[in-house]
Amino acid sequence: MVYQIDYMELAINEALKAKEKQEVPVGAIIVDKNGNVIAKAHNLVETRNDSTSHAEKLVIEKALKITGARYLNNYDIWVTLEPCIMCASIIKQTRIRRLYYGAEDKKSGAIDNGVRLFSNCKSKVKLEVYSGFYANKSEELMKEFFKEIR
């Protein structure tokens, strides 16, 4: 696929914002069916003192508010790290069309690791999943972050 806008680079920019705030560097964006970025977010768990303030959840909340829609079935989400079970469930519930993610999360991921939520899903709504976009860059961001805080 060729994109005019480098969506994963935009998500990485969001992850860098999280890192600057001493947050786990995860960023996410939502793109409409015409390729327009409609929402951006990054982790704010520490800032908000809220363990549910993951980038995916925050960007989906923004997109729902912006669109006024209940579902995001004509939208794609780009995230720097494989979503956890909470975020994967939110992605499923909002019926996002496609998920693109960077690095795998072997410990907490729920797409290609862990529970593999979408592989085991019996739902009629099928999500397309694509992984590995800028995986090395996303992994390096995570390694740098955890190295710095330890």
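Residue numbers (this note's numbering): 62 to 211. Quick reminder that beta carbons are idealized off the backbone N, C-alpha and C, glycines included. Bear in mind that the values here come from a model prediction, so they are computed numbers and not experimental data.
Buried or exposed, going by whether 16 or more other CB atoms sit within 10 Å of the CB of residue i?
i	result
T113	exposed
F207	exposed
T141	buried
S212	As shown, the chain starts at 62 and ends at 211. That puts residue 212 outside it, with no answer to give.
D166	buried
V63	The predicted model places V63 with a pLDDT of 46, which falls under 50 and marks its position as unreliable, so this point remains unresolved.
D137	buried
I232	Since the displayed the chain opens at 62 and closes at 211, residue 232 lies outside it and no answer follows.
E75	buried
T108	exposed
K204	exposed
E143	buried
K94	exposed
K118	buried
K80	buried
F194	buried
G163	buried
Which residues does DSSP pair with residue i in a beta bridge?
i	result
D93	Y136
G88	H103
Y191	Y161
V176	Looking at the DSSP assignment, V176 forms no beta bridge with any residue, so it has no partner.
So residue i and residue j are in contact, right, with Cβ under 8 Å, and what is the actual spacing, rounded?
i	j	result
K101	V120	7 Å
G96	I66	7 Å
L133	S150	Not confirmed; about 14 Å, so no contact.
L188	R159	7 Å
Roughly how many angstroms separate the alpha carbons of residue i and residue j, rounded to a whole number?
i	j	result
G88	R131	22 Å
V210	H115	The displayed chain sequence assigns Ile, not Val, to residue 210. Cα to Cα, I210 sits roughly 19 Å from H115.
N197	V98	23 Å
T155	N135	10 Å
V106	M147	14 Å
May I ask you to check if the CB of residue i is nearer than 7 Å to at least one heavy atom of the ligand NAD?
i	result
K198	The ligand content of the structure shown is nil, which means the ligand NAD is not present either.
At what residue ranges does the segment 106–172 contain a whole run of the alpha helix (DSSP H), taking only runs of 4 or more?
-> The segment 106–172 contains these whole alpha helix (DSSP H) runs: 106–109, 116–128 and 146–154.
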